[in-house]
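Numbering (this note's numbering), first residue to last: 9 to 118.
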């Protein structure tokens with residue numbers, strides 16, 4: 009699956025990061041030695057989405073207001089996930105809408 013072309017391999021790892029939590033873990037492991045900037049960018053974006061999803065799941069425990077926030081948040085997350093996946097497929101390093109720049113700031117050491 010992986011090729012010897014660093015640009016293509018980094019793009020493949022970036023796309024893998026968006027394929028569920030298992031894909032995120034696999035992308036992190038595949039990129040540990042090579043540190044492709046493109047792959048690192050998309051790993052940080054997907055890690056941010058994952059952490060946001062965890063936070064929304066905790067918010068959803070709050071009756072009524074939490075439920076509404078969680079529903080809106082989950083739809084926003086689906087939108088951001090699609091945008092991120094399409095950016096990775098197209099070879100773009102475009103931050104996710106709303107929180108993408110924050111994800112880069114929070115996870116800059118990865």
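Each residue gets a CB set at the ideal place from its N, CA and C atoms; glycine is no exception.
Check your understanding: When we look at the beta-carbon of residue 13 and count the other beta-carbons within 10 Å, is it buried (16 or more) or exposed?
Key -> Residue environment: residue 13 is assigned as exposed (fewer than 16 neighbouring CB atoms within 10 Å of its CB, all protein chains considered).
**Study point:** Rounded distance between the beta-carbons of residue 96 and residue 44, thought under 8 angstroms
**Key:** That pair is no contact at about 12 angstroms.
Review point. Sorted by chain position, which residues of the same chain lie with C-beta nearer than 8 angstroms to residue 48's C-beta, five sequence neighbours on each side aside?
Key: If the five residues before and after residue 48 are omitted, its C-beta is found closer than 8 angstroms to the C-beta atoms of 39, 118, all from its own chain and listed in chain order.
Point to revise | Whole-angstrom C-beta distance between residue 71 and residue 91, which should lie under 8 angstroms | key: About 31 angstroms separates the two Cβ atoms, so there is no contact after all.
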